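Before any comments, here is the structure.
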Amino acid sequence: MNSSTTVETPAGPFTIVVGPSGAVRGAGFTSDVAAVLAGIHPSLRGPVRGHRELGGVTDAVRAYFDGEL
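Numbering (my numbering), first residue to last: 89 to 157.
Following this line, the structure appears as structure tokens:
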């Protein structure tokens with residue numbers, strides 16, 4: 089099962105979808121998970137469960153927008 093979250097950023101909402109291993113499968117500046125899923129190969133889409141956090145992935149997005157490149 090894939091997991092997703094949406095992070096509020098200065099550029100707008102940023103939605104991330106990760107696979108079961110935690111690897112990012114898709115992301116984009118939208119709050120629409122379906123829009124992100126549309127850019128993922130059909131064999132990798134599968135069901136998605138929303139989460140508040142995705143661990144290091146969410147941390148990395150926030151760090152980027154905090155200027156920590």
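Every residue, glycine too, gets a C-beta built ideally from N, C-alpha and C. Just so it is clear, the structure is predicted and the values come from calculations on it, not from any experiment.
Check: When the Cβ atoms of the region 144-157 are set against those of the region 117-136, are three or more pairs found closer than 8 Å?; Outcome: no
Check: Could you tell me which uninterrupted beta strand (DSSP E) segments, each at least 3 residues in length, are contained entirely in the region 93-145, listed from first to last along the chain?; Outcome: 100-106, 112-116 and 136-138
Check: In whole angstroms, what is the alpha-carbon distance linking Glu141 and Arg113?; Outcome: 16 Å
Check: As a quick exercise: from Gly116, Met89 and Ser91, pick the residue whose alpha carbon is nearest that of Phe102.; Outcome: Gly116
Check: Does the distance from the C-beta atom of Val136 to that of Ser109 stay below 7 Å?; Outcome: no
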